[in-house]
Amino acid sequence: MGLNRKPHYRAGLVLVGDAGGMVNPFNGEGIGYAMESAKIASESIVQALARTGVNRERALHGYPVRIEQALGSYYRLGNVFSKLIGNPAVMRTATKYGMPRKRLMKLVLKLLAGLYDPKDGDSMDRLIVAATKLAPTA
Ligand SMILES: Cc1cc2nc3c(=O)[nH]c(=O)nc-3n(C[C@H](O)[C@H](O)[C@H](O)COP(=O)(O)OP(=O)(O)OC[C@H]3O[C@@H](n4cnc5c(N)ncnc54)[C@H](O)[C@@H]3O)c2cc1C
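First residue of the sequence shown? That's 646 in this note's numbering, and the numbers climb one at a time after it.
Rendered as C-alpha cells:
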C-alpha cells in the first residue's frame with residue numbers, strides 16, 4: 646500500500662500493481678492502479694524495445710519516474726491519513742465533529758475516492774492538490 650515496494654524498476658524487472666505497493670492507502674483500492682501502472686510499464690517497455698544500450702535503460706528508468714508523478718504525492722498524503730485514523734482518539738474526534746459537516750464530508754469523499762480534478766477542478770479540488778503537495782516526501 647502507498648508505494649511501499651521499491652524500486653519499481655531494476656535490472657530488467659518492473660513492478661506493477663500490488664507487487665509495487667500501488668494500493669491506494671485512502672481506500673484500499675488497487676484494481677485501477679494496477680491497470681494504470683501496467684499501462685505505464687508497457688509504454689516504457691515499448692519505448693525501451695525501440696532503443697538500444699543506455700537509451701534502452703533510460704526508457705525503463707522512466708517508469709518509476711512516471712509512477713511517482715502519477716501517484717507519489719497523493720499516496721504519501723494517504724499514508725499520513727491512514728496513520729492518523731489508526732489512532733482511536735483522532736478517529737473519534739473526526740467522526741464526532743467532522744461527519745455532521747456536509748461540505749467537509751464532500752471534500753473527504755473526493756479525497757478518499759481520488760475523485761478530484763488536479764487540473765480544472767473547483768476550490769475543493771485545488772485544496773486537495775495543495776494538500777498533496779504538502780505531504781512529506783518519502
Ligand atoms: C478482499 C479484497 C478486496 C478488495 N477489494 C477491492 C475493490 O473493491 N476495489 C479495488 O480497486 N481493489 C480491491 N482490492 C485490491 C485489488 O484486488 C488489488 O489491488 C488488485 O487485484 C491488484 O492487481 P494485481 O494485478 O497487481 O495483483 P493480483 O490481482 O493479485 O494478480 C497477481 C496474479 O499473479 C498470480 N501469481 C502470483 N505469483 C505467481 C507466480 N509465481 N507465477 C505466476 N503467477 C503468479 C496470482 O495468482 C494472481 O493471479 C481488494 C483486495 C482484497 C484482498
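Yeah, the Cβ is synthetic: ideal placement off N, Cα and C, and Gly gets one too. In this text the structure is predicted, and so the values were computed from the model without any measurement.
{"Check": "Own chain partners of Lys751 with C-beta closer than 8 Å, once the 5 adjacent residues on each side are dropped", "Outcome": "Met769"}
{"Check": "Alpha carbon of Gly707 to alpha carbon of Ala715, nearest angstrom", "Outcome": "12 Å"}
{"Check": "Pro733 classed as buried or exposed, judged by whether at least 16 other C-beta atoms fall within 10 angstroms", "Outcome": "exposed"}
{"Check": "Endpoints, the alpha helix (DSSP H) within which Leu779 is located", "Outcome": "Ser768 to Leu779"}
{"Check": "Any non-hydrogen atom of ligand 1 closer than 7 Å to Val861 Cβ", "Outcome": "Nothing about residue 861 can be reported from this structure: the residues present for the chain run from 646 to 783 only."}
{"Check": "Beta-carbon proximity of Pro652 to Pro709, cut-off 8 Å", "Outcome": "yes"}
{"Check": "Ligand 1 heavy atom lying under 7 Å from the CB of Glu681", "Outcome": "no"}
{"Check": "Coil, strand or helix - Arg746 by DSSP", "Outcome": "coil"}
{"Check": "Whole-Å CB distance - Val725 paired with Ala780, under 8 Å assumed", "Outcome": "6 Å"}
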